[in-house]
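> Going by my numbering, the first residue of the sequence shown is number -1, and it counts up by one from there.
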Amino acid sequence: MHDNSVERARWLRDLMRFLPLRSQFVLSGNTRDLQMHEIAPGEVTAAPLSRVLPDVLKAAGYAQIAWFDLLNGFRDVEPADGSYLSRLGLMPTNGAAAGGIDLLSTTIERHVTADGQPSALVVDFASRLVARNEALSPAEHQLFSRALILSHAARARPAGEKRLPFFNTVIWIVDKEGDLPDWFLIGNPKVRHIPIGRPDHLARASMIHSLVRGLPGAQNAQEPALAKCTQEFVDETEGLLLLDVSAVAQLARSEAVQFDRIGDAVRRFKVA
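1. Where are the alpha helix (DSSP H) runs, 4 residues long or more, that stay fully inside the stretch 124 to 195, in chain order?
2. Following the continuous beta strand (DSSP E) through Q22, name the residue where it begins and the one where it ends.
3. How would you label A202, buried or exposed, when you count the other beta carbons within 10 angstroms and need 16 or more for buried?
4. Quick one: Cα of A94 to Cα of E221, how far?
5. Please confirm whether F23 and R190 have their CB atoms less than 8 Å apart.
6. Is DSSP giving A61 helix, strand or coil here?
7. Write down the C-beta distance between L13 and I192 rounded to the nearest angstrom, noting that I regard them as a contact closer than 8 Å.
8. Quick check on DSSP: helix, strand or coil for P222?
9. Take K188 as the anchor and find which of R15, S21, R8, L10 has the nearest alpha-carbon.
10. Let me make sure I understand the geometry here. Which of A250, V120, W181 has the alpha-carbon closest to that of L68?
11. Identify the continuous alpha helix (DSSP H) that holds M14 and give its terminal residues.
12. I'd like the list of long-range same chain contacts for A254, defined as Cβ closer than 6 Å, with 5 residues on each side in sequence excluded.
13. Are G176 and G27 closer than 8 Å when you measure CB to CB?
14. What residue does the beta strand (DSSP E) around K209 start on, and which one ends it?
15. In terms of residue numbering, what span does the alpha helix (DSSP H) encompassing D262 cover?
16. Can you tell me which residues form a DSSP beta bridge with T91?
17. Alpha carbon to alpha carbon, what distance is there between K160 and A219?
18. Going straight from the alpha carbon of P116 to that of Y60, what length do you get?
19. Would you kindly check if the distance between the Cβ of L249 and the Cβ of A263 is under 8 Å?
20. Whole angstroms is fine: what's the gap from R15's alpha carbon to R259's?
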């Protein structure tokens, strides 16, 4: 979808601004929703964070990106052949390697101190790493103690044609800020917490603009009627996620709700 009206979300601008200044980041809030993502100049689409983060990190100059979660272990995102995981001492098969919290702890240290091209490690569903925040297990305490020390020990180094400063970055994705130990995050000048808010009206409008033509009755409608539908759709979905907006459009198609009655579809979704 071509759209020149949508700028980068605030959380993404914050992340890009601080990549040369902080070695670790904690993303919290609306992390499971779709995000409006510019895939080419003027071309935006709604995509999950698992696609948006690697794309923006690659564009920023990171040549190696790995992803971890407790269910799937480690996987190479860039390059996808497992070569970076092998450099970290793992044994990948088809670009992925099993691993839990103990292996994550040692791998983070190898990642932060690795030589070579700029690298990023994303720890997804990081809230699930801790069973009880007020009573950490030995493995949990070791993981975040190591991460804390490494956040202070990490040093940026120049890379790329412009010799810009890069850390080997660690990004933790959590449900809410308090899910990680307070002593790791609060008051730590080396870790940047970035909340991801719910989509504003501009983000919803950008997504809805691409959905309206697919609504019942919209294919042959005139532009003024489509514009009115778009505005009503945006207004009626205040506070909803982009996933919800997509679901409303699907509901309208499934129940043959005409495009000029989109408000009815939104109300049906809200009471479902």
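Yeah, the Cβ is synthetic: ideal placement off N, Cα and C, and Gly gets one too.
The short version:
1. 136 to 151, 180 to 183
2. Numbered from its first residue, the sequence shown carries residue 22 at position 24. First-last of the beta strand (DSSP E) with Q22: 22 to 27.
3. Here residue 202 corresponds to residue number 204 of the sequence shown, with the count starting at 1. Looking at the sequence itself, residue 202 is Arg, so the reference to Ala does not match. Per the 10 Å Cβ criterion, buried.
4. Residue numbering aside, residue 94 sits at position 96 when the sequence shown is read from its first letter. Residue numbering aside, residue 221 sits at position 223 when the sequence shown is read from its first letter. Cα-Cα distance, rounded: 48 Å.
5. For the purposes of this step, residue 23 is identified with residue 25 of the sequence shown, where counting begins at 1. For the purposes of this step, residue 190 is identified with residue 192 of the sequence shown, where counting begins at 1. Yes, they are a contact pair.
6. What you label residue 61 is simply residue 63 of the sequence shown in a count that begins at 1. If DSSP states are grouped into helix, strand and coil, A61 belongs with coil.
7. As a position in the sequence shown, residue 13 is number 15, starting the count at 1. As a position in the sequence shown, residue 192 is number 194, starting the count at 1. The Cβ separation is near 6 Å, so the contact holds.
8. Against the sequence shown, residue 222 aligns to sequence position 224. Reduced to three states, the DSSP call for P222 is helix.
9. By 1-based counting over the sequence shown, the position of residue 188 is 190. Per the Cα distances, S21.
10. Position 70 of the sequence shown, counted from the first residue, corresponds to residue 68. The residue with the shortest Cα to Cα distance from L68 is V120.
11. Looking up residue 14 in the sequence shown gives position 16. M14 -> alpha helix (DSSP H) spans 8 to 16.
12. Walking along the sequence shown from the start, residue 254 turns up at place 256. So the list reads P214, once near-sequence residues are dropped.
13. Counting from 1 along the sequence shown, the entry for residue 176 is found at position 178. Counting from 1 along the sequence shown, the entry for residue 27 is found at position 29. No, these two residues do not count as a Cβ contact at 8 Å.
14. As a working mapping, residue 209 is identified with position 211 in the sequence shown. It is Leu, not Lys, that sits at residue 209 in the sequence shown. L209 -> not in any beta strand (DSSP E); alpha helix (DSSP H) instead, spanning 199 to 209.
15. Counted from its first residue, the sequence shown places residue 262 at position 264. Its alpha helix (DSSP H) spans residues 260 to 269.
16. What you label residue 91 is simply residue 93 of the sequence shown in a count that begins at 1. In the DSSP output, where bridge partners are listed per residue, T91 has A94.
17. Locating residue 219 in the sequence shown gives position 221, counting from the first residue. Locating residue 160 in the sequence shown gives position 162, counting from the first residue. C-alpha separation (whole angstroms): 50 Å.
18. Looking up residue 116 in the sequence shown gives position 118. Looking up residue 60 in the sequence shown gives position 62. One C-alpha to the other measures close to 5 Å.
19. Locating residue 263 in the sequence shown gives position 265, counting from the first residue. Locating residue 249 in the sequence shown gives position 251, counting from the first residue. Their beta carbons are under 8 Å apart, which means A263 touches L249 by this criterion.
20. Residue 15 sits at position 17 when you count from the first residue of the sequence shown. Residue 259 sits at position 261 when you count from the first residue of the sequence shown. Rounded to the nearest angstrom, the two C-alpha atoms are 42 Å apart.
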